[in-house]
Structures are given as C-alpha cells and as structure tokens.
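Q: Below is a structure I'd like to ask you about.
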Amino acid sequence: MANKKPTTACTIRDATAADLPVLVDFLTKLALHVNGGPELALKESEYQRLHELLAAALSSPDKRIVVAEQPGVGLVGMGDVTVWSSQSIWEQATVTEYRSAILDDIWVEPAYRNAGIFKALLRSLVEFADERGAHDLVLEYSSSNKEAKSAWTRLGFVTTGIRAAAFTQNVKNALT
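Residues 166 to 341 in the working numbering are what the sequence shown spells out, letter by letter.
Encoded structure:
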C-alpha cells in the first residue's frame, strides 16, 4: 500500500462476500492495534471463525458492514453496526420498544487516516442506524486507545459506564 494520503475520494459501499478475506485482515490489524503488542499470526481456526461470523453478518437485516474502497488500491477501511431492540421493563399501558445501534470494528489503514475516510464510514453506519429507528449509538473501545477516545469524544460520545475484564482463573482464586 502507498505511504501517501489518498488523492481520490474513496467509495463507501456495502461489503460483499468477496471482501471477507480483507475484512478478516482488518479485524486482525484492529485487534493488534488495540492490544499494542507485537504483530502475531492469526490461528487458522480463528480466521475461519471470523470469516463465518462476517459471512453471516452480511445477510442480517439488523447489521451493516461497509468498506472504503480507494481507486487503484482496493479496500482501505471498514466499519460495522448492529441495531437491536429491547422492551421497557416498566408497567405501562403500551409496549415501548427501544432501538439502539452498536458501532463496532471501525478500521482505516494507517496510511489513509486523516483523509475523511473514518467520517465517511461512520456517516454510512449512522444513516443505517437512523433508518432503522435507533435512538442512540453505543460503542466500546479500549481504555488504552487514546486515538479512539479522542475521535469519539469529538463526535459527542461520553463515557457512560466501565467495562472490566479479568481472567477466569484469577477470579476463581480470589473467591477461595
């Protein structure tokens, strides 16, 4: 891939089955970016799992995966969103359905960042969520990912909770 900023606007389009190998590659790069560790090879079983998961998502009416395609280069970014519904827990005369959208796995290749591709991907995902009646957008990013925190904060996202993680064995040990 070129080490210069794109000079032609990318096309944002729905992902297709032909894009799946590149999407798995993008998800692998995203995981490595978030973890901040050395580059590692993805296990074949994990590659297959991600490939199958993405393939199933392509046909889901509540999910959209979009890609950014740079002329003469190929795919340089991706993003996905899932819209889900829940019912109110409160007694009331009418059933109230809440629709939210989970923004997930947005990736732009480093050489193509700061060129408007992230916003173009996000615009497409937000449009999908809005068309399906989602009233709020939810996302998750690693607390160590300062670049993501900065981008999401500029767009109006605020921290509303904390997600904690622990190794199962450590919790089991702490409980004994």
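For glycine and all other residues, C-beta sits at the position ideal for the given N, C-alpha and C. The model shown is predicted, which means the values in this text are computed figures rather than measured ones.
In whole angstroms, what is the alpha-carbon distance linking ALA183 and THR193?
A: Within the sequence shown, numbered from 1, the residue matching residue 183 stands at position 18. Within the sequence shown, numbered from 1, the residue matching residue 193 stands at position 28. About 17 Å.
Q: Quick one: complete alpha helix (DSSP H) runs, 4+ long, within the region 172 to 204?
A: Whole alpha helix (DSSP H) segments, 4+ residues: 185 to 200.
Q: To the nearest angstrom, report how far apart ALA299 and PRO275 are at their CA atoms.
A: The residue given as residue 299 occupies position 134 in the sequence shown. The residue given as residue 275 occupies position 110 in the sequence shown. Distance between the alpha carbons of ALA299 and PRO275 is about 30 Å.
Q: Would you decide whether PHE332 is buried or exposed? Buried here means 16 or more other CB atoms lie within 10 Å of its CB.
A: Reading the sequence shown from its first residue, position 167 is the one you call residue 332. So PHE332 ends up on the exposed side.
Q: Residues in the same chain with beta-carbon distance under 7 Å from LYS314, minus the five sequence neighbours each way, listed in chain order, please.
A: Taking the sequence shown and counting its residues from 1, the one referred to as residue 314 is at position 149. TYR306.
Q: Excluding sequence positions up to five away, which residues of its chain have a Cβ less than 6 Å from the Cβ of ASP269?
A: Translated into positions along the sequence shown, residue 269 becomes position 104. ASP245, listed in sequence order.
Q: Would you call the CB atoms of VAL187 and LEU223 closer than 8 Å?
A: Mapped onto the sequence shown, residue 187 falls at position 22. Mapped onto the sequence shown, residue 223 falls at position 58. Cβ distance not < 8 Å, so VAL187 and LEU223 don't count as in contact.
Q: With DSSP run on the structure shown, which of helix, strand or coil describes ALA280?
A: Within the sequence shown, numbered from 1, the residue matching residue 280 stands at position 115. The answer is coil: DSSP assigns ALA280 none of H, G, I, E or B.
Q: Return helix, strand or coil for GLU234, following the three-state DSSP convention.
A: Position 69 of the sequence shown, counted from the first residue, corresponds to residue 234. Of the three classes helix, strand and coil, the one that applies to GLU234 here is strand, per DSSP.
Q: Is THR324 buried or exposed, if buried means 16 or more other CB atoms sit within 10 Å of its CB?
A: Here residue 324 refers to the residue found at position 159 of the sequence shown. Exposed is the call here.
Q: Which partner residues does ALA266 have in the DSSP bridge list?
A: For the purposes of this step, residue 266 is taken as residue 101 along the sequence shown, with counting starting at 1. VAL248 and LEU302, per the DSSP bridge assignment.
Q: Tell me the DSSP bridge mates of LEU290?
A: For this step, residue 290 is matched to residue 125 along the sequence shown. Per DSSP, none; premise fails for LEU290.
Q: Just checking HIS300 against the ligand GDP - is the residue's beta carbon closer than 7 Å to any of the ligand's heavy atoms?
A: This structure lacks the ligand GDP, and indeed carries no ligand of any kind.
Q: Can a CB atom of chain C be found closer than 8 Å to the CB of ASN338?
A: Of the protein chains in this structure there is only one, and it is not chain C.
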